[in-house]
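Here is the structure we will look at, set down as structure tokens.
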Amino acid sequence: MENRSSSEAFNSSQKVVTRFAPSPTGFLHIGGARTALFNWLLARHYKGKFLLRIEDTDRARSTQEAVDAIFNGLKWLGLDWDEDPVFQFSRAQHHVDLAKNLVDQGKAYYCYCTPEELEAMREDAKQRGVSPKYNGMWRDRDPKTAPAGINPVIRLKAPLDGETTLHDIVQGTVIVANSQLDDMILVRSDGTPTFMLSVVVDDHDMGVTHVVRGDDHLTNTFRQIQIYNAFGWDTPKYGHIPLIHGPDGAKLSKRHGALGVEAYRDMGFLPEAVCNCLLRLGWSHGNDEIISMQQAIEWFTTDNLGKSASRLDFQKMEKLNSYYIKNADNKRLLGIIMKFQKQISDEKQQRLLLGMNGLKQRAKTTIELNDMASIYTEDYTPSVPADKAILSILKDIYDALRELSDWTEENLDHCLHVLAANKELSFGKIAQPLRAVLSGRKITPGIFEMLFAFGKDESLKRLNIALGS
RNA sequence: GUCCCCUUCGUCUAGUGGUUUAGGACAUCGCCCUCUCACGGCGACAACAGGGAUUCGAAUUCCCUAGGGGACGCCA
496 MENRSSSEAF NSSQKVVTRF APSPTGFLHI GGARTALFNW LLARHYKGKF LLRIEDTDRA
556 RSTQEAVDAI FNGLKWLGLD WDEDPVFQFS RAQHHVDLAK NLVDQGKAYY CYCTPEELEA
616 MREDAKQRGV SPKYNGMWRD RDPKTAPAGI NPVIRLKAPL DGETTLHDIV QGTVIVANSQ
676 LDDMILVRSD GTPTFMLSVV VDDHDMGVTH VVRGDDHLTN TFRQIQIYNA FGWDTPKYGH
736 IPLIHGPDGA KLSKRHGALG VEAYRDMGFL PEAVCNCLLR LGWSHGNDEI ISMQQAIEWF
796 TTDNLGKSAS RLDFQKMEKL NSYYIKNADN KRLLGIIMKF QKQISDEKQQ RLLLGMNGLK
856 QRAKTTIELN DMASIYTEDY TPSVPADKAI LSILKDIYDA LRELSDWTEE NLDHCLHVLA
916 ANKELSFGKI AQPLRAVLSG RKITPGIFEM LFAFGKDESL KRLNIALGS
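Using the working numbering, you'd call the opening residue of the first sequence number 496 and step up by one each time.
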């Protein structure tokens, strides 16, 4: 019965409130983005709220740049949040006050141990082959015996025996013996609250009902449950999802994938492709692969979350990306190209728009799209071919095209095929030289599409130059 | 070291005791389409970590082993 509680966890009439709580010590990396996506999807699916909390209590490592990167990353992915973001540090005093209440109630206590003493404790525990933890030496000691000149920390008076049970939405029921856990620090000796305390208080105060996060937090959860118990609060429902690993199966590193989401944008990925790819990492809906955000909102529940770690597959992400590029609006793609290229004249923008259908089905990334787009934006001057036969073919093409009044792809197709038939040439013999004259390249979109996009004047002009006149 | 989690094709996964000769997608390799390159279509290759147990029957339940990952901070 205590397997995956799955959607049972959502049956109550209570409104679903999820959150994403990154610490602003770096960019929004791919793992964080997936966590955000899942929480966002959950909130949108149940028509609840998706909140954002910046966990900036580590003053030394938190930066404004990172905060901006996180905001921008989420926006780029299309993950909008409800209400103003909560900055955890601004609530520090409140967290500390609550911890002191716990001390007053005898549920927490001051500890005067030095870092050296703690280090010795851990060493000793390791020697004895037990879990390295604080030994509770100040748990029941009279503070009056405290050494002078030491600022104490506040520790939770955690239960010494029994066990703490977590009914995880993803992992199922997990039980840990309380003897494995120690009296965690709630308030540091400098008077600032720890992550463990702040998370609990903020999730409670923000009314968070469901926490989906990486399973590196799984063991923290038992400690947090003990804090909830000390306060007498109900815990949210937890779902711990497996981490994303690098291509080599090891923890994601900067070398392979732990990049900021903006890096994916710069590599030429569309946000919906990144989301789709992330969605399929650890979540599935039967055999469906291409899933729009709209569809994802409809389908996403915690029922189909996987329990095992996965790796990011760039090739699959590229395939997904090429699909989304192929199906993207041409004006939108033009806008993306215009961010790559400094200035594109109105005439060339028009060309680009006419030729976009052919470009976009050949691009795996927007970078490739932009590379190919230069066929239409560069001022290419063809040279005169040395081969007489080719020259002759070009002359025939020129003559045929000059007579064409209605410049449509269909007519161009017909006109050039008739020419090939009349000259008893395979169509390739006509298309390849023409392709070179028009674009200077061997690989391009279809020849009729290019002629159409360039227009009659420009097409004939390039042919004319190639003919040496 | 202690505790926790995980283990289906190379990768992402479907699969919740019989409908499965284990399905799909990416990658790879063929073929078709074809004005190049793509796209698209068709097909091939390819997996239940190992061992026990339960059962008429197990990828699916239980146990053990192995491998991988995570946590053990006055970081979050």
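Glycine included, C-beta positions come from ideal geometry on N, C-alpha and C.
Is it buried or exposed for D637, if we count other Cβ within 10 angstroms and need 16 for buried? Classification of D637: exposed, given that the 10 Å Cβ count is below 16.
Rank E550, G573 and L593 by C-alpha distance to the C-alpha of L536 and give the top, closest one. Measuring from the Cα of L536, the nearest candidate turns out to be G573.
Which same chain residues, not among the five before or five after H699, have their C-beta less than 7 Å away from its C-beta? Here H699 has W728 as same chain residues with Cβ atoms under 7 Å from its own Cβ, once five neighbours each way along the sequence are excluded.
Beta-carbon proximity list for D577, same chain, < 7 Å, skipping 5 on both sides: Residues of the same chain with a CB within less than 7 Å of the CB of D577, apart from the 5 flanking positions on each side, are K544, F545 and L546 in chain order.
Assign Q666 to one of two classes, buried (16 or more other C-beta atoms within 10 Å of its C-beta) or exposed (fewer than that). Buried, since its Cβ has 16 or more Cβ neighbours within 10 Å.
Endpoints, the beta strand (DSSP E) within which G709 is located: Per DSSP, G709 belongs to the beta strand (DSSP E) from H705 to G709.
Can you have a look at E919 and say buried or exposed, based on whether 16 or more other CB atoms are within 10 angstroms of its CB? Residue environment analysis places E919 among the exposed positions, since fewer than 16 neighbouring C-beta atoms fall within 10 angstroms of its C-beta.
DSSP state of G688 mapped onto helix, strand, coil: First, the amino acid is wrong: residue 688 is Pro here, not Gly. Of the three classes helix, strand and coil, the one that applies to P688 here is strand, per DSSP.
Contact check, I722 vs V703, beta carbons under 9 Å: Using a Cβ distance threshold of 9 Å, I722 and V703 do not count as a contacting pair.
Go ahead and pull the three-state DSSP assignment for H540. Look at H540 here: in three-state DSSP terms it is helix.
Rounding to the nearest angstrom, what Cα-Cα distance links I831 and Q790 in this structure? When rounded, the distance between both Cα atoms is 25 Å.
Taking the continuous alpha helix (DSSP H) assigned at F717, which residues delimit it? Going by DSSP, F717 is part of the alpha helix (DSSP H) stretching over L713 to F726.
In the DSSP assignment, find the beta strand (DSSP E) that holds Y604 and state where it starts and stops. Residue range A603 to C606 is occupied by the beta strand (DSSP E) that includes Y604.
Entirely enclosed alpha helix (DSSP H) segments - the segment 762-804, minimum 4 residues: Counting only runs of 4 or more, we get 766-774 and 788-794.
Could you check which residue in A884, G853 and N959 has the C-alpha nearest to that of F943? Closest option to F943, Cα to Cα, is G853.
Determine the extent of the beta strand (DSSP E) in which E611 is found, giving its start and end residues. From DSSP, E611 is part of no beta strand (DSSP E) but of the alpha helix (DSSP H) over P610 to Q622.
Taking the beta carbon of G734 as the centre, do at least 16 other beta carbons fall within 10 Å, making it buried, or is it exposed? With 16 or more other Cβ atoms within 10 Å, it is buried.
V661: first and last residue of the uninterrupted alpha helix (DSSP H) it sits in: Note on residue identity: the sequence assigns Leu, not Val, to residue 661. Taken as a continuous stretch (DSSP letters only), L661 belongs to no alpha helix (DSSP H), being part of the beta strand (DSSP E) at E658 to D663.
Which value, in whole angstroms, describes the spacing of the CA atoms of Y819 and F533? A straight-line Cα-Cα distance of about 21 Å links Y819 and F533.
Contact test: Y541 Cβ vs the ligand SAH heavy atom, cutoff 8 Å: Looking for the ligand SAH in the displayed structure turns up nothing, as the structure carries no ligands at all.
With the cut-off set at 9 Å, would you say F522 and A758 are in Cβ contact? The answer is yes: Cβ separation under 9 Å.
Using a Cβ-Cβ cut-off of 7 Å (strictly less than) and excluding sequence neighbours within five positions of E904, which residues of its own chain qualify? These residues qualify, in order along the chain: F943, E944 and F947.
According to DSSP, which residues form a beta bridge with Y733? Paired residues: V706.
Does the beta-carbon of E658 have 16 or more other beta-carbons within 10 angstroms, so that it is buried, or is it exposed? Under this definition E658 is an exposed residue.
Under the three-state DSSP convention, the category A672 falls into: The answer is strand: DSSP assigns A672 an E or B state.
Rounded Cβ spacing between L676 and I649 (contact assumed at less than 8 Å): Between the beta-carbon of L676 and that of I649 there is about 16 Å, and that puts the pair past the 8 Å contact cut.
Report the three-state DSSP secondary structure of V511 (helix, strand or coil). Of the three classes helix, strand and coil, the one that applies to V511 here is coil, per DSSP.
Minimum C-alpha distance to H524 - residue among G755, G601 and P580: Cα-wise, what sits closest to H524 is G755.
When the Cα atoms are used, what is the spatial distance from W778 to I792? Approximately 13 Å between the Cα atoms of the pair.
Does the Cβ of E560 have 16 or more other Cβ atoms within 10 Å, making it buried, or fewer, making it exposed? E560 comes out exposed.
C-beta atoms of K855 and N816 nearer than 9 Å: No, these two residues do not count as a Cβ contact at 9 Å.
Is it buried or exposed for K602, if we count other Cβ within 10 angstroms and need 16 for buried? Burial call: buried.
Locate the alpha helix (DSSP H) running through I645, then write down its first and last residues. Per DSSP, I645 belongs to no alpha helix (DSSP H) and is neither H nor E.
Secondary structure, alpha helix (DSSP H): runs of 4+ residues fully inside the segment 875-951: Runs found: 883-898, 904-917 and 922-934.
Output yes or no for whether 9 Å exceeds the beta carbon distance between T687 and V591. Yes, the Cβ-Cβ distance between T687 and V591 is below 9 Å.
What span of residues does the alpha helix (DSSP H) with I831 cover, start to end? Here the alpha helix (DSSP H) through I831 covers N825 to F835.
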